[in-house]
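K.L.:
One structure, as structure tokens, below. Some questions next.
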Amino acid sequence: MQILLREQPLFLGASDDLIKKVSEMVRLTEFGPGDYICFQGDPRSPFVLVISGQLRTSTLSEDGREIPGRVINPGQWGGEEPIVCNSSIHGNIAAIRKSTVALFSRSHARELFNEPNVARVLINSMALRVMHLVERHAVQGLPRADARISAVIESAINNAEKDESPLIELPDQATIAAMAKVSRETVSRVLKSLTSRGVIAKEGRRIRVCDRVTLHALATG
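Be aware that the sequence shown starts at 1, since it is given in full-length UniProt numbering, and climbs by one per residue.
In structure tokens, the structure reads:
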């Protein structure tokens with residue numbers, strides 16, 4: 001467990017004592033596709049760290065429609081905001097595919113957030129998330145479907161990736177369609193077009209972004 005935790009970006013530079021302490025707090029849980037980790041309005045929602053797989057966040061509209069939020073990939077986390085603010089969580093967190101997730105109770109999460117190294121990583125992450133939220137609103141205003149889908153793909157590139165051709169794991173086409181506000185068929189057509197143009201290439205269940213310059217040009221409309 002301690003080796004697994006040390007590999008997580010959240011604990012970059014953490015001491016052996018902290019890693020040992022965290023290993024005693026955490027509970028590893030497996031979730032299948034479509035399983036919910038927590039529901040909107042839960043006052044005791046946990047802090048969630050993705051070890052493997054992929055999660056998604058969403059909120060429910062007044063008429064019961066599920067509005068997609070963001071995707072949480074391995075090494076990323078979610079659910080910290082309501083814990084920091086001592087409030088109920090404002091959305092759902094569910095698994096897109098089979099996932100192994102580290103769960104921290106709120107009391108353990110608050111203890112963890114008081115650690116200076118962890119707090120610095122969380123602050124940086126939350127700042128980037130605000131930036132992505134602004135970008136997301138801009139994406140939704142783009143007129144062309146291919147621009148919106150390209151922007152969703154670009155947003156999936158981990159900010160830590162400096163490679164010119166990063167390998168990324170996209171959410172399923174239904175999730176991309178919801179995020180870009182297009183049909184699933186449109187997503188399929190755009191992905192095929194990007195592949196034929198050499199902008200992306202499929203490698204197993206992930207894609208390689210072969211031409212970040214072109215992708216960015218498409219994403220910005």
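The beta carbon of each residue, even a glycine, is placed where N, CA and C say it ideally should be.
When the Cα atoms are used, what is the spatial distance from D63 to S88?
P.N.:
So the two alpha carbons sit approximately 20 Å from each other.
K.L.:
Taking all protein chains shown into account, decide if S165 is buried (16 or more other Cβ within 10 angstroms of its Cβ) or exposed.
P.N.:
It is exposed - the Cβ of S165 has fewer than 16 other Cβ atoms within 10 Å.
K.L.:
Going by Cα to Cα distance, which pick from A147, L112 and E7 is closest to E50?
P.N.:
The amino acid at residue 50 is misidentified as Glu; the sequence shows Val. It is E7 whose Cα lies nearest to the Cα of V50.
K.L.:
Determine which residues share a DSSP beta bridge with residue 226 and list them.
P.N.:
A question about residue 226 goes unanswered here, because the residues of the chain that appear run from 1 up to 221.
K.L.:
Is the beta carbon of I19 less than 7 Å from the beta carbon of L28?
P.N.:
Cβ distance not < 7 Å, so I19 and L28 don't count as in contact.
K.L.:
Work out the CA separation of R212 and S167 for me, nearest whole Å.
P.N.:
Looking at the sequence shown, residue 167 is not Ser but Leu. Answer to the nearest angstrom: the Cα atoms are 12 Å apart.
K.L.:
Leaving aside the five residues before and after S45 along the sequence, list all residues of the same chain whose C-beta is less than 7 Å from its C-beta, in chain order.
P.N.:
Cβ within range, chain order: C38, G79, P82 and I89.
K.L.:
Could you spell out the range, first to last residue, of the beta strand (DSSP E) harbouring Q54?
P.N.:
Unbroken beta strand (DSSP E) run through Q54: F47 to L60.
K.L.:
Whose C-beta lies closer than 7 Å to the C-beta of G91 among residues of the same chain, with five residues either side of it excluded?
P.N.:
Correct list, in chain order: Q40, T57, S58, T59 and G69.
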